[in-house]
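S.K.: Below you will find the structure I want to go over with you.
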Amino acid sequence: MLSVRGWLGNCGLREFLCLVGILWAGFGRSASGTEVPSVEEPDFAGDVYPLLQRFCFECHGRDRDEAGLRLDSAAELMAGGVVQPESAEESELIRRIGLPVGHADRMPPVGEGLDREQVVTLTRWVDRGANWPESFEAPPHWAYQPPRRVPIPDAGDPFASAGASTSVGGHEEMGRIGVESPSSAIDRWVRQRLPEQGLQPASPAAPESLVRRLHFDLIGLPPSPAAVARFVADPSEAAYQRLVDGLLANPQFGERWARHWLDLARYADSHGFQRDDLRDLWAYRDWVIRAINEDMPFDRFTIEQLAGDLLPGAGPSERIATGFHRCAPTNVEAGSIPEETRVMQLIDRVNTTATVWLGTTLQCAQCHDHKYDPFGIEEYYRLLAFFNTTEIEADLTSPDKPSSIAFRGPRLVLDPPFGDGQATTLVMAEAERRPTRIFERGDYRNPGELVEPGTPRVLHPLRTEVTEAGGPSPDADRLALARWLVDPANPLVARVIVNRWWGELFGRPLVNTPEDFGAQGDRPTHPELLDDLAIGFVEGGWSMKRVLRRIVTSATYRQSSLSDEEGLRADPDNRWLSRGPRFRLDAEMIRDNALAIAGSLDHEMFGPPIRPPQPAGLWTKVGGERYDYQVSEAGHPYRRGIYIVIKRGSPYPSLINFDAPNRLDCTVRRGRTATPLQALTLLNDPVFVGLARAMAAQAVARSDGEPTRIIEEWFLRCTARPPTESEREVLVDLFEAQRQAATGRAEPGIESDETFGPLDAKQRADYSAWYSVATTLLNLHETVVKP
Amino acid sequence: MSEVDSQQVDGPMGGGERLPRRDWCQGLIGLSGLAAWELLTRDHRVAWGAEAASIEPGEGHLHHPATAKRVIYLHMIGAPSQLDLFDEKPELVKRHGEPCPEEITKGRDFAFIGKTSKLGGSPWRFAQHGESGQVLSELLPHLAGVADRLAVIRSMHTEEINHAPAQMFLHSGFGRGGRPSLGSWVTYGLGSENADLPAYVVLLSGPPGGAGTSLWTNGFLPGVHQGVPFRSQGDAVLFLTNPQGHSEGDRRRVLDALGRLNRLHERVSLDPEVETRISQYEMAFRMQASVPELMSLEGETKRTQEDYGVTPGKVSFANNCLLARRLVERGVRLVELFDADWDHHGSIETRLPSKCRDIDRPIAALLRDLEQRGLLEDTLVVWASEFGRTPLSQADRAAPGRDHHKDAFAVWLAGGGVRGGVSHGKTDDFGMDIVESPVHVHDLNATILHLLGIDHERLTYRSQGREFRLTDVHGRVVREVLR
């Protein structure tokens, strides 16, 4: 066995001192660049123990003592010799957690390990004596404790210490927001943490930035030039409140926020797998848009989707809502085993439900008791039992022909107003309760012990006696489960939901592992704020719009996203919220934004999915089936991205290139990457080309053809601000250069335009020049970024 | 970045000229999509900046010295019959047409056939080849010529019995969607060696497998790690070609103006992503030149074209083999070829020879060509499929074939650190079950990563609340096939 002492070996003390030096230099700097001495001893229970628990105990704890070392009690820790109190420099534990990934000595050996700040916390703790209070008992995990409301520290005017305005485009700093309101509670919790990080809040965003940010966040579309002008002329508090209210009431709000929910619901228009046929589920997508627009209380929103069919007097709307779990991919490949497909769908439903409502990664417990979180394998199958009641969805049409497998399951005919009386949508329906057994090692072919429906013991109890108007639920069925999920006693659900919304708005959620609130997940950066939002959400009648309103009217949200170099260095991810959010738009928003800029956006809502032009041959023959891709007719290709058909085996490439998921499973958070394929998409995808051409045709047709005027208008449509002198110059130069290049050139240029018709020689040159200007503007960094 | 001289962006090449040549991944620093660099640094950027800077993607190694720097992965969609190509079964041939003994099918699932089906021996002859005496069927005469390069594993097994789940399982270690494919894991771990091309390129002959684009998906890894299909017809890469009427010069003017405007914005916003965006557009511009050049086989000698059996301008596996060589020559990390139509439930006697003719010659030419160019030394070539086929004859068709078989099939490896001429693993007399040295899909993937210098247990990514690996919690490196 490896001697723990031996680990020290020839551990470069030099290397270590260097590390600590860099750590301190990079940390604890104030915005003005002066050192802030951070000599406070970290809180053992709150800061230190959770790190040891998360990163060390799996291998050096009760269940395993790798290399003879345990770190889960004061005595064991000291006996192990890896910590020298008051001397982090000589502590092997500290050395190892700071080593680079890939270093053979690094701990933990697998995974991301501790970040900079976490290493500093443990370093500080050791330097201050590695104090492990005798009375200490491992606290229950924070996320399983009910949210608590604690008194808000009084921090005065949220902008009191803000520096001078750094507005873009020469606009005045907007009026101060200082009145006592629920949103100022947000600001106090945020501001409280800034000094300890050596940060200062940014000044308020310039009105043109704020109005653009708010439009993307609430409706997923850019503001019209008129809306920008109105708000820039009157950026008062009252005007902002009106703007927020108007956007929350806009039907496009539902289209923007449904996208987020449909990622979670793994909504798609095809089965997935080899037999990737299209299926009709779009009425569920429309239900989500409508429910969000109506601000359906989230508890109701939950209950209808999980068990709308079981509600007393369930009508078509409640039944359509149950499409949520019909979104599970279905394997109907010839030769597949119906029972296996059925079980896979059940497992998908349990995992998705746990991720969406509990922020818990239950799938570990499918094969064994969860390693880190208090969920046993038995509890996994008790949850599965709630779902083990519905009709089979893939079956043989003739029992002895394996190739006769077909997609089955209940459908609802869509009568007006949901459809035309012919179209259908997939719904859930109760068949019979099947006995549920634990699958040994997660394999359905190894059924073990019988279990009854039930919920995890660590959480609040399941109430099968329901007293609300719906009357008592006779059984532990899906309805009881749905009600249990949104029981105000559930410590997780409200936190999990508001955390994800926060992440949508700020780019980084307060708990930066929105899919995992367990012991292995991150702890909230602002726990009191998270709890305050969660409690407010439930108290506010589970209203999404109230929560969003509260957040977007906070000063924190309204900060400028511009930063100075110090601020960027001190907090590159903006974890402490000393500035406003700034990040690339989502795939659908990039499309919708361009459609809106070009004036081509078709606002029609709802209905069967649309098919924009895409390169030929992508929907090809698969598994003996040929799928033809027919571009939607007139106007429809220019509807919003949320309506684009999602074929799981061949999703629309222009969305995928911007990190849209293929919806084969529940996606909590999309990536946000940058690749050359994105540049090619925006430059050459026929849809974007068509938009730039539409803009060019508009420009050529105008009689007030002063180039600078059109350039200024377009620039404003793309960025919500006028161009600066130099920016205008670049574009005018481009226009002139391209017009000259296109004048009388021998190679064939653009001869005619779909809407404009044939172009004469002069028009050809102008068109070519305007096309280049339009393409440039549609590809601008600022155009695809939320400011 | 704060001091940007606007003069710098002038000139015929605009912003592109002075940009340091970054590789496909390096250009993404500052965003989340950053392969090895991100893996190695993450939040430790400040803590150990010096170490991070010294480990560049594509240089050094991740966990241990690599014997392979790149991979050409040949996937036969539909699953060829190992019993007619690699796993000779004289007993099965002898008992051809007899009912299958019950004890052999007990407890086993088949996709289509019943358990009372008849045994089906191979109608093709097998022979030993090369110094190693590697046993191959007469359907692969050219491959026989390079038999000493191959390490054939005849004891593969998997978990899934249907195509799409089995394809997903082979590629991502999971029989359903959502996980990254092998190629994405590899580029995530190792980054790229070429500034102008993606690190992970996919080439198709015929339609993609039933799992569709999810076979080259990045799953939860950053999007830069998705496989990029290069196509022989239409745009080689989707949206590669400028729209009609917009010349290369026109595009250059657009990109120059775009670069200038973005830099002006960068000065005001200090947004670190601006630099990324600019380099992304320059990479795209370079791809517009480099990809068509790459995809054109005209520059290859007549001799090479004949060796591979290519037909320029057509879609074929042979063309793709030659393209694969051109891609790895240019530093692409992982090239995956998908060849369709190997699902021979019926008419195996005519369809299998025809498919073998498509692949036999080009594969042999590829291995020889790589060797001649000194590339085979550090290029791993993998030939695999999602599962194998049954020793039972499937007789519900006009002419018989074989059903899906997950419990025993064959793959082979060659090049980059693989011991050529090895035969690993054994199946029973019928080829129904493995009797010696079983190799699970996780073991194969662990071995591939191992050859690339990656410890499969340590290449992890945190998602959905846990550390994910390509090999889940399994996988054992098959040392017997390593040099």
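The listed protein sequences derive, respectively, from chains A and B.
Residues 1108 to 1894, numbered by our numbering, are exactly what the first sequence covers, in order.
Residues 30 to 512, numbered by our numbering, are exactly what the second sequence covers, in order.
The beta carbon of each residue, even a glycine, is placed where N, CA and C say it ideally should be.
When you compare only the Cα positions, how much space is there between E1193/A and A1181/A?
M.R.: 15 Å
S.K.: As a quick exercise: from G1748/A, Y1750/A, Q1721/A and R1747/A, pick the residue whose alpha carbon is nearest that of Q1737/A.
M.R.: Taking only the C-alpha atoms, the option nearest Q1737/A is Q1721/A.
S.K.: Given a limit of 9 Å on CB to CB distance, which residues of the region 298-329 of chain B reach chain A?
M.R.: S298, L299, D300, P301, E302, V303, T305, R306, I307, S308, Q309, Y310, E311, M312, A313, F314, R315, M316 and Q317
S.K.: Would you call the region 1481-1493 of chain A and the region 1542-1561 of chain A touching, i.e. three or more CB-CB distances under 8 Å?
M.R.: yes
S.K.: Rounded to whole angstroms, what is the Cα-Cα separation between L60/B and A140/B?
M.R.: Note that L60/B has pLDDT 27, beneath the 50 cutoff, so the model's placement of it is unreliable and the number below is only indicative. Those two C-alpha atoms are separated by around 45 Å.
S.K.: Report buried or exposed for N1606/A, applying the criterion of at least 16 other Cβ atoms within 10 angstroms of its Cβ.
M.R.: Around the CB of N1606/A, 16 or more other CB atoms lie within 10 Å, so the residue is classed as buried.
S.K.: Shorter than 8 Å from the beta carbon of G1516/A to some beta carbon of chain B?
M.R.: no
S.K.: To test your reading of the DSSP string, which unbroken alpha helix (DSSP H) runs of 4 or more residues are found completely within the region 107-171 of chain B?
M.R.: 111-114, 119-123 and 131-134
S.K.: Beta strand (DSSP E) containing I477/B: first to last residue?
M.R.: I477/B -> not in any beta strand (DSSP E); alpha helix (DSSP H) instead, spanning V470 to L480.
S.K.: Reducing DSSP to helix, strand and coil, say where I1658/A ends up.
M.R.: helix
S.K.: Taking E496/B as the query, report the chain A residues whose CB atoms sit under 9 Å from its CB, ordered along the chain.
M.R.: V1217, G1218, E1219 and Q1627
S.K.: For T340/B, count the other beta carbons within 10 Å of its own beta carbon; 16 or more makes it buried, fewer makes it exposed. Which is it?
M.R.: exposed
S.K.: Quick one, which of I1818/A, F1863/A and C1825/A has its alpha-carbon nearest F1842/A's?
M.R.: I1818/A
S.K.: As a quick exercise: from E1740/A, G1714/A, L1789/A and P1829/A, pick the residue whose alpha carbon is nearest that of A1390/A.
M.R.: G1714/A
S.K.: What did DSSP end up calling E222/B once you bin it into helix, strand or coil?
M.R.: coil
S.K.: In whole angstroms, what separates the C-alpha of Q1805/A from that of T1826/A?
M.R.: Taking the straight line joining both Cα atoms gives about 19 Å.
S.K.: Just the Cα atoms here: how many angstroms apart are W77/B and P1207/A?
M.R.: Unreliable placement is indicated for W77/B, whose pLDDT of 17 sits below 50; no coordinate value is reported for it.
S.K.: Leaving out five residues before and five after D501/B in sequence, what residues of the same chain have Cβ atoms less than 8 Å from its Cβ?
M.R.: G202, F203 and H471
S.K.: For L1885/A and A1799/A, what's the separation of their Cα atoms in angstroms?
M.R.: 8 Å
S.K.: What's the gap between the Cα of H1498/A and the Cα of D113/B?
M.R.: In the sequence under discussion, the amino acid at residue 1498/A is Glu, which differs from the His named in the question. Rounded to whole angstroms, E1498/A to D113/B spans 42 Å at the Cα level.
S.K.: Helix, strand or coil for E1711/A? Go by DSSP, reduced to three states.
M.R.: coil
S.K.: Assess, as a yes-or-no matter, whether the region 1165-1173 of chain A is touched by the region 1250-1261 of chain A under the definition of 3 or more beta carbon pairs within less than 8 Å.
M.R.: no
S.K.: Where do the ends of the alpha helix (DSSP H) carrying S1424/A lie?
M.R.: P1423 to A1428
S.K.: Could you tell me which residues DSSP pairs with W441/B in its beta bridges?
M.R.: Partner residues in the beta bridge of W441/B, as assigned by DSSP, are V181/B and W412/B.
S.K.: What runs of the beta strand (DSSP E), each 3 residues or longer, lie entirely inside the region 185-234 of chain B?
M.R.: Taking 3 residues as the minimum length, the beta strand (DSSP E) runs contained wholly in the region 185-234 of chain B are 229-234, in order along the chain.
S.K.: Smallest Cα separation from H192/B: which of I388/B, H374/B and G444/B?
M.R.: Checked all of I388/B, H374/B and G444/B; the closest Cα to H192/B is H374/B.
S.K.: Using 10 angstroms around the beta-carbon of A65/B, count the other beta-carbons present and answer buried if the total reaches 16, otherwise exposed.
M.R.: Here the model assigns A65/B a pLDDT of 34, short of 50, so the residue's position is not dependable, and the following value carries that caveat. Counting Cβ neighbours within 10 Å, A65/B comes out buried, since at least 16 surround it.
S.K.: May I ask you to list the residues that DSSP assigns as paired with L1385/A?
M.R.: S1377/A
S.K.: If you draw a straight line from the C-alpha of L1184/A to the C-alpha of N223/B, how long is it?
M.R.: 48 Å
S.K.: Please name the residues in the region 450-472 of chain B whose beta-carbon is closer than 8 Å to at least one beta-carbon of chain D, in chain order.
M.R.: In the structure shown, chain D cannot be found, because the protein chains are A and B.
S.K.: Taking A1513/A as part of the beta strand (DSSP E), name the residues at either end of that continuous run.
M.R.: I1512 to F1514
S.K.: With 8 Å set as the bound, which would you pick, yes or no: does the beta-carbon of E1672/A sit closer than that to a beta-carbon of chain B?
M.R.: yes
S.K.: If you draw a straight line from the alpha carbon of L226/B to that of M1403/A, how long is it in whole angstroms?
M.R.: For L226/B and M1403/A, the distance between alpha carbons rounds to 48 Å.
S.K.: Going by DSSP, what residues sit across from P1554/A in a beta bridge?
M.R.: F1546/A
S.K.: Is the Cβ of C1163/A closer than 8 Å to any Cβ of chain B?
M.R.: At a cut-off of 8 Å between C-beta atoms, C1163/A does not count as an interface residue with respect to chain B.
S.K.: Which two residues bound the contiguous alpha helix (DSSP H) that contains T1459/A?
M.R.: P1445 to L1465
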